[in-house]
Amino acid sequence: MPTDSQPSSPLYSTYARADLRFERGAGVWLETDDGRRFLDLAGGVAVNSLGHAHPHLVATLKHQAEKLWHVSNLFEIPGQKRLAERLAAATFADKAFFTNSGAEALECAFKTARRYHYVSGNPERFRIITFEGAFHGRTLATIAAGGQAKYLEGFGPKVDGFDQVPFGDHAALKAAIGPETAAILVEPIQGEGGVRSVPPQCLRGLRELCDAEGLLLIYDEVQTGVGRTGQLFAHQASGAEPDIMAVAKGIGGGFPLGVCLASEEAARGMTAGTHGTTYGGNPLAMAIGNAVLDVVLADGFMEHVRDMSLRFKQQLASIADRYPDIVEEVRGEGLLLGIKARVPNTALILELRVQKLLAVPAGDNVVRFLPPLIISADEVREAVSRIEAAVASLSLASVRKSA
0 MPTDSQPSSP LYSTYARADL RFERGAGVWL ETDDGRRFLD LAGGVAVNSL
50 GHAHPHLVAT LKHQAEKLWH VSNLFEIPGQ KRLAERLAAA TFADKAFFTN
100 SGAEALECAF KTARRYHYVS GNPERFRIIT FEGAFHGRTL ATIAAGGQAK
150 YLEGFGPKVD GFDQVPFGDH AALKAAIGPE TAAILVEPIQ GEGGVRSVPP
200 QCLRGLRELC DAEGLLLIYD EVQTGVGRTG QLFAHQASGA EPDIMAVAKG
250 IGGGFPLGVC LASEEAARGM TAGTHGTTYG GNPLAMAIGN AVLDVVLADG
300 FMEHVRDMSL RFKQQLASIA DRYPDIVEEV RGEGLLLGIK ARVPNTALIL
350 ELRVQKLLAV PAGDNVVRFL PPLIISADEV REAVSRIEAA VASLSLASVR
400 KSA
């Protein structure tokens with residue numbers, strides 16, 4: 000029975016939600032139920048790759064919704080084949096398994112890696128090496144892969160099979176490889192971990208190490224994929240292809256959609272009955288996924304992302320130069336950018352909200368900017384103006400406090 004001491008909300012108390020209720024959006028803008036307009040540089044945490052109410056996505060969803068929503072994977076779903084073919088043509092992959100989320104795509108990646116070694120006659124090889132600061136999702140397996148204590152606390156024994164090494168420690172990585180090691184899992188850029196990039200030469204080194212040791216290389220491109228860095232996928236700038244890759248967020252443009260991509264060889268153990276999903280790959284999701292690719296694969300789209308990134312990053316660097324008391328460093332690639340703050344990142348995010356701009360916190364006291372990829376040059380200038388106003392306000396407050 001409810002008591003006076005219990006929360007009044009019927010929702011789980013797992014989010015410290017901001018007191019903002021958005022009613023509609025258009026492009027990079029969001030509007031609250033009381034009419035306030037915010038510049039959205041959070042992008043639903045890198046989900047709204049094409050912004051809010053993109054005309055092509057809206058028209059596609061309406062069209063598909065009037066035809067078919069769900070039939071289950073007991074039957075052929077033509078949109079799945081088309082989306083899989085397009086992703087395979089644009090990447091290393093030969094095979095795709097569609098999911099509803101990034102965590103599910105990672106779960107499929109883990110199972111694919113384990114199953115590969117099982118059918119290769121090495122069932123003892125099931126362990127996956129990961130890196131400190133990583134974030135791979137909120138399931139029991141993915142929090143074990145991420146290894147962050149704040150996400151593991153209170154959920155019983157950590158799921159076995161994951162060995163974590165310090166970010167950037169090559170000697171520790173090599174030392175962690177043993178007879179039970181199956182794969183190495185890495186984010187080309189750690190988003191949650193503080194917008195920390197893995198240099199291209201390090202990705203190439205991981206590819207060489209996996210080849211030498213008979214391991215599979217798994218990329219988590221849930222946050223970095225689908226044009227976010229100015230490439231379709233972040234790793235493509237390095238030339239170091241994975242064996243398996245988890246993708247989500249931007250590929251659905253706001254609709255729940257993920258996919259595990261794999262080479263023919265890596266996926267050869269995933270035969271009938273070894274894995275499944277009820278909603279994954281449903282006709283609605285497939286229609287939207289194909290519509291997103293229509294836009295991001297169009298001529299000039301990636302060049303636009305790279306151009307907006309250069310403008311944004313240069314102007315953030317200018318703010319850092321003029322306010323070194325507040326901004327320590329500018330990080331990131333493409334439109335996955337961050338500033339490491341010298342004040343609590345939560346304080347900067349609150350000040351940005353005063354300026355009616357939305358951003359996302361990250362580890363290492365970083366504030367992330369994840370705008371829709373369709374952001375214009377004028378909107379970048381407006382965003383920078385608001386960011387500078389927030390930084391200047393904090394700088395002035397700091398001066399007054401110390402006076």
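Residue 106 in numbering that gives the first Met the number 0 sits at position 107 of the sequence shown, with consecutive numbering throughout.
Using N, Cα and C, we set each Cβ at its ideal position, and we do this for glycine too.
Asked: Which residues DSSP lists as bridging I250, in chain order; Found: Answer is none; I250 lacks a bridge partner.
Asked: Close-in-space but distant-in-sequence residues of the same chain around A171 (CB under 8 Å, 5 per side omitted); Found: V164 and P165
Asked: For A239 and C107, the rounded distance between their alpha carbons; Found: 21 Å
Asked: Residue environment, H169, which counts as buried when at least 16 other CB atoms sit within 10 Å; Found: exposed
Asked: Assigned secondary structure, A319 (DSSP; H/G/I helix, E/B strand, else coil); Found: helix
Asked: Buried/exposed call for T13, threshold 16 Cβ in 10 Å; Found: exposed
Asked: Distance between A245 and A102 (C-alpha atoms, nearest Å); Found: 9 Å
Asked: Coil, strand or helix - M269 by DSSP; Found: coil
Asked: Alpha helix (DSSP H) runs contained entirely in the stretch 125-213, provided each spans 4 or more residues; Found: 139-145, 148-151, 169-175 and 199-212
Asked: Inter-residue spacing [alpha-carbon to alpha-carbon] between W68 and T59; Found: 13 Å
Asked: Length of the line joining the Cα atoms of P156 and V221; Found: 26 Å
Asked: Straight-line gap, V383 to T277 (C-alpha atoms, nearest Å); Found: 43 Å
Asked: Any 3 or more C-beta pairs closer than 8 Å across the stretch 302-309 and the stretch 225-237; Found: yes
Asked: Assigned secondary structure, V27 (DSSP; H/G/I helix, E/B strand, else coil); Found: coil
Asked: Touching by the beta-carbon criterion (3+ pairs, under 8 Å), the stretch 126-133 and the stretch 171-191; Found: yes
Asked: Where Y218 falls: helix, strand or coil (DSSP); Found: strand
Asked: Local Cβ density within 10 Å of L309, reported as buried at 16 or more and exposed below that; Found: exposed
Asked: Where the alpha helix (DSSP H) through R85 begins and ends; Found: P77 to A89
Asked: Rounded straight-line distance, which links the Cα of L347 to that of A388; Found: 11 Å
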